[in-house]
Amino acid sequence: MWFRTSKTFAAVVLSLGLVASCSDGDTPAPTTGGSVPASAPVTATTVESTSAPDASPSTAREDTTPPTEASFPGENLTPEEAGELQRAVDEGSQPWRLDPSLVAQAFVADRFGWSDTEARMADPHTVEVTDRADGSIVVLQLRQPVREGADGIWVVTDGVRIG
C-alpha cells in the first residue's frame, strides 16, 4: 500500500510539474491518439458510486495500453471546440462532462480502450484512473476551459502513466 501511495504521490508531483510548465495557457499539441468524442454515450460503469461514460467501440484506439513514455497528451480542444462543447452541455447534452471523474473515464475508454475502470480524485484537477483488467494506472490533469464551477465542462489536458 505504501509503495502504491508513493507512486501516486510521485505521479501527482510530476503531473503538477507538467501543468506548471504549461501555466502560460498553452496546451501542447498531441503527438498520438485523439480526443474524447463529444458524443461519448453514457453507460453504467461503477466509479465510487457514480455512473460513467463509455466510448463507443468504433472510436476506441486499437492500442489498449498507455504509451510507455511517462506522459501523453490530453484532448487538445481548441477554444472554439471547448466553447461549442460547453454550449452543448448547457443545452442538456453530455451532462457527464460536468464531472471530472466521468470525463477521465471517457478519456481512457477512448484513448486506451479501457472499459472496466476505477477513478479517484487526487485533487480538484487530478484524477487517477485504474484499469481493473490489468492494473494499469494513469494520472490525468483536467481543467475547465470555458467557465469554472459546477456548470463548467471538464477536459483532459495531459496524463502520466504510473503503473
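Counting in my numbering, the sequence shown runs from 115 upward without gaps.
Glycine included, C-beta positions come from ideal geometry on N, C-alpha and C.
Buried versus exposed, by CB contacts within 10 Å (16 or more), residue i
| i | result |
| --- | --- |
| E176 | For E176, the predicted structure reports a pLDDT of 48, less than 50, and the residue's modelled location is therefore unreliable. A value from the coordinates is still provided. With fewer than 16 other Cβ atoms within 10 Å, it is exposed. |
| E242 | buried |
| A247 | exposed |
| E189 | buried |
| R201 | exposed |
| D265 | exposed |
| P187 | buried |
| D224 | buried |
| T192 | exposed |
| S288 | Outside the displayed span of the chain (115 to 277) sits residue 288, for which this structure offers no information. |
| S215 | buried |
Helix, strand or coil at residue i [DSSP, three-state]
| i | result |
| --- | --- |
| E198 | helix |
| D245 | strand |
| V253 | strand |
Cβ pair residue i, residue j closer than 7 Å
| i | j | result |
| --- | --- | --- |
| Q219 | A233 | yes |
| V203 | I267 | yes |
| V252 | G227 | no |
| V270 | G197 | no |
| D213 | T231 | no |
First through last residue of the beta strand (DSSP E) which encompasses residue i
| i | result |
| --- | --- |
| P187 | 185-187 |
| R234 | 231-237 |
| Q208 | Segment: none, Q208 is in no beta strand (DSSP E) and carries neither H nor E. |
| G273 | 269-275 |
Residue interval of the alpha helix (DSSP H) (run including residue i)
| i | result |
| --- | --- |
| V217 | 214-226 |
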